[in-house]
Amino acid sequence: MGVERKVVVSEMTSAEREAVIALWVRCGLTRPWNDPEADMALAEATENATILVARDGENLVGAAMTGHDGHRGALYYLGVDPANRRGGVGRALVHAAEAWCRTHGAPKLNLLVRMENQAVLAFYEALGYLPTNSISLYRTLDPERAERERAEKAAWAAAHI
Ligand SMILES: CC(C)(COP(=O)(O)OP(=O)(O)OC[C@H]1O[C@@H](n2cnc3c(N)ncnc32)[C@H](O)[C@@H]1OP(=O)(O)O)[C@@H](O)C(=O)NCCC(=O)NCCS
81 MGVERKVVVS EMTSAEREAV IALWVRCGLT RPWNDPEADM ALAEATENAT ILVARDGENL
141 VGAAMTGHDG HRGALYYLGV DPANRRGGVG RALVHAAEAW CRTHGAPKLN LLVRMENQAV
201 LAFYEALGYL PTNSISLYRT LDPERAERER AEKAAWAAAH I
């Protein structure tokens, strides 16, 4: 398809920060308890992570964050502009993230799919991704932030799920 032919993926420039965050919002990837600007700043501050953008000519049509923790690669904030979907942009971004992880020595790429976003599983399956035989756990390390997140998550679930 046309988009697949023209799309170019490379690392985000600082001039693209706001456009990338706006794209993530348009793609429904942000939540009140996460701060995409802070997440982006953390990725920019380390050699272990990067933000990739897909451009179709002058247009920013997709973005993703990838990185590794010294053992596994990870993929976050993968989003393709709604008007540019089903043209291979998502696949191109995942392949670019895989290439970045391989180059940085990470042999596997992990990602999280929110329970309410299971429609995306067909996309990952098409790209060869398998469910893990594990349960993902987390802990918010700052107690004040943990408390805030609990309230924000409850409010969000009441409004959306
Ligand atoms: C998931 C997402 C990134 C896919 O991007 P995309 O550019 O549309 O995907 P591609 O065109 O590269 O799709 C590659 C293949 O995945 C499969 N696929 C993609 N979207 C699909 C869908 N909605 N249903 C079924 N299969 C799908 C198809 O096999 C497709 O190949 P085909 O079009 O030749 O049949 C995009 O839909 C998106 O931004 N969604 C919202 C954000 C999101 O959920 N991100 C993931 C968070 S975990």
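With the working numbering, the residue at position 79 of the sequence shown is 159, and numbering never jumps.
Just so it is clear, CB atoms sit at the ideal spot from N, CA and C, and this is done for glycine as well.
All figures in this text were calculated on a predicted structure; none of them were measured in a lab.
Check: residue i C-beta below 7 Å from any heavy atom of ligand 1
{"i": "residue 105", "result": "no"}
{"i": "residue 163", "result": "no"}
{"i": "residue 193", "result": "yes"}
{"i": "residue 137", "result": "no"}
{"i": "residue 111", "result": "no"}
{"i": "residue 208", "result": "no"}
{"i": "residue 199", "result": "yes"}
Bridge partners - residue i, DSSP secondary structure assignment
{"i": "residue 218", "result": "Residue 218 pairs with nothing; no bridge assigned."}
{"i": "residue 129", "result": "147"}
{"i": "residue 66", "result": "Nothing in the structure corresponds to residue 66, since the chain is present only between 81 and 241."}
Expected contact under 8 Å - CB spacing of residue i and residue j to nearest Å
{"i": "residue 141", "j": "residue 160", "result": "6 Å"}
Task: the stretch 143-160 contacting the stretch 174-188, beta-carbon criterion three pairs below 8 Å - done: yes
TODO: Report yes or no: do three or more beta-carbon pairs, one from the stretch 124-144 and one from the stretch 167-184, lie closer than 8 Å?
DONE: yes
TODO: Starting from the N-terminal side, write out each stretch of the alpha helix (DSSP H) that is 4 residues or longer and does not extend beyond the stretch 81-115.
DONE: 82-86 and 97-106
Task: Length at least 4, wholly inside the stretch 149-224: the alpha helix (DSSP H) runs in chain order - done: 169-183 and 201-206
TODO: Assess, as a yes-or-no matter, whether the stretch 106-119 is touched by the stretch 86-96 under the definition of 3 or more beta carbon pairs within less than 8 Å.
DONE: no
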